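Heads up, the thing below is written out as structure tokens.
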Amino acid sequence: MKESYHFIRLSIIILGLSLLILPKAYAVEQRLIIIHTNDLHGHPLKFPHIGARKVGGLPAIADLVQEVRKRHKNVLVLDAGDLNTGTPESTFFKAAPDILALNYIGYDAMTLGNHEFDNPLEMLRTQQRLAAFPFISANIRTREGARLLSPYIIKVFEGIRIGIFGLTLKETEVIGNPQQVRDLVFEDELRSAQDAV
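With my numbering, letter number 42 in the sequence shown gets 95, and the count goes up by one each step, no holes.
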């Protein structure tokens, strides 16, 4: 279920990006490379995944992003959330080393996963201040109706404006830490995506 949700969320983002490009025809092909991560869960280093094989790690992501940026000028680096709640070290440091690594890599934006709500909202605000990239979500509001975050950002690549919006799993209001989500409303993802586009 979680993997299919991430696929749907990424598909909606890509659809939104493509809809923003459609209105204007270009004689020259423009290429945008999107690098996407999610569910990092405080694993800055490689970790065992299947058997003894180690995978992941922020240095590997940094190398990949650097290599792609050497070959392509239009590169967008996004994270779909669940940076928090992983290794004891990351939890102890409140994901600060992870966010600093994402800053170094040059992420463009991050939306929130359900695990960003395992901790008090003030910790999320501290992480936002530490990040050199925006946290976005088009479907989270306070009970009073105010947006928790900006719903989207716009990046410009070779004169083409690209809108990027984030969505957080509506189910977070059920599976998230009840103390941390009780004052928030997680709106329907599809309706929020339609509104954002």
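Note that CB positions come from ideal geometry on N, CA and C, so glycine has one too.
Note that the coordinates shown come from a computational prediction; the quantities given were computed from them, not determined experimentally.
C-beta contact flag for residue i and residue j at 7 Å
i: L93; j: L136; result: yes
i: F146; j: Q233; result: no
i: T138; j: G219; result: no
i: I86; j: V121; result: yes
i: F186; j: Y205; result: no
i: I215; j: A162; result: no
Cβ neighbours of residue i in the same chain (closer than 7 Å, five flanking residues each side left out)
i: T140; result: G95 and H96
Residue range of the beta strand (DSSP E) that includes residue i
i: V209; result: Y205 to F210
i: V108; result: R106 to V108
i: T140; result: Where T140 is concerned, there is no enclosing beta strand (DSSP E), given that its DSSP letter is neither H nor E.
i: V238; result: L237 to F239
i: R122; result: Careful: R122 lies outside any beta strand (DSSP E), inside the alpha helix (DSSP H) at L111 to R124.
6 Å CB neighbourhood of residue i in its chain, flanking five on each side removed
i: L202; result: F188, I189 and S190
i: T90; result: D132
i: A115; result: I158
i: I228; result: N167
i: L111; result: P97 and A154
Cβ neighbours of residue i in the same chain (closer than 8 Å, five flanking residues each side left out)
i: T153; result: Before going on, a small fix: residue 153 reads as Leu here, not Thr. L183.
i: R194; result: R200, L201, L237, V238 and E240
i: V118; result: I88, V128, V130, I158 and G159
i: R196; result: D236, L237 and V238
Identity of the residues DSSP links to residue i by a beta bridge
i: M163; result: D132 and F188
i: G229; result: None; G229 has no bridge partner.
i: H89; result: L131
Residue burial classification, residue i (beta-carbon count within 10 angstroms, cutoff 16)
i: E242; result: buried
i: I207; result: exposed
i: F100; result: exposed
Limits of the unbroken alpha helix (DSSP H) element including residue i
i: V250; result: Taken as a continuous stretch (DSSP letters only), V250 belongs to no alpha helix (DSSP H), as it is neither H nor E.
i: P97; result: Here P97 belongs to no alpha helix (DSSP H), and DSSP marks it neither H nor E.
i: T179; result: L174 to L183
i: R194; result: Not the alpha helix (DSSP H): R194 falls in the beta strand (DSSP E), residues I193 to T195.
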